[in-house]
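With the numbering used here applied, the sequence shown covers -8 to 110.
Backbone N, C-alpha and C define an ideal beta-carbon position, used for all residues, glycine too.
Source: prediction; values computed, not measured.
This report refers to the structure that appears directly beneath it.
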Amino acid sequence: MFKTMTNLKLKLKKIDPVKSGVIYGALMGLGGLFVAFFFMLFGSVFGAATGEMGAFGAMAGSGILMMIFLPIFYFVIGFVIGILGTLLLNFILKKTDGLIIDFDKVSESEDISMIGRNI
């Protein structure tokens, strides 16, 4: 379908650790929100099932605090792990002289002449 017109090779030398940490932290925060939803779902069922505290048991056991704190906790952990992982990757890229990535130009409308240049 697409005819390759040009092959472009770029060398990855470094990734910004803070930006990588924010991206990884945001993804982990979304995962924490997903996990907290199930804590809330099962917590409300089991909190109401005990019957000792009535409606308060359902609310207290529902994991409302989990919905607030678990995504924040996951974000912080993901941010730290993302930074550490990126620093390790940057160290390896420095020792191995980078990572060569191949790109293909698939249409004439794409201008690849400015790729890889500092503007």
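- Identify, in the order they occur along the chain, each residue of the same chain with its Cβ nearer than 7 Å to the Cβ of K5, setting aside the five sequence neighbours on each side. The residue given as residue 5 occupies position 14 in the sequence shown. Hits under 7 Å: N81 and L84.
- Item | Inter-residue Cα distance where the pair is F30 and L56 | On the sequence shown, position 39 is the one that residue 30 refers to. On the sequence shown, position 65 is the one that residue 56 refers to. Spanning the two alpha carbons is a distance of roughly 10 Å.
- Message: So for I92, helix, strand or coil by DSSP?
- Response: Position 101 of the sequence shown, counted from the first residue, corresponds to residue 92. DSSP places I92 in strand when its eight states are reduced to three.
- Message: DSSP three-state label for K5, please.
- Response: Stepping through the sequence shown from its first residue, residue 5 is reached at position 14. Secondary structure of K5 (DSSP, three-state): coil.
- Contact check, I63 vs K0 under 8 Å by CB: the rounded distance? Here residue 63 refers to the residue found at position 72 of the sequence shown. Here residue 0 refers to the residue found at position 9 of the sequence shown. With a Cβ gap of about 41 Å, I63 and K0 do not count as contacting.
- Item | Contact set for F66: own chain, Cβ-Cβ below 8 Å, skip 5 residues either direction | Residue 66 sits at position 75 when you count from the first residue of the sequence shown. G16, A17, M19, G20 and G23, listed in sequence order.
- According to DSSP, residues forming a beta bridge with N(-2): By 1-based counting over the sequence shown, the position of residue -2 is 7. Bridge partners of N(-2): D95.
- Put T77 into one of helix, strand or coil per three-state DSSP. Counting from 1 along the sequence shown, the entry for residue 77 is found at position 86. For T77, the secondary structure class from DSSP, reduced to helix, strand or coil, is helix.
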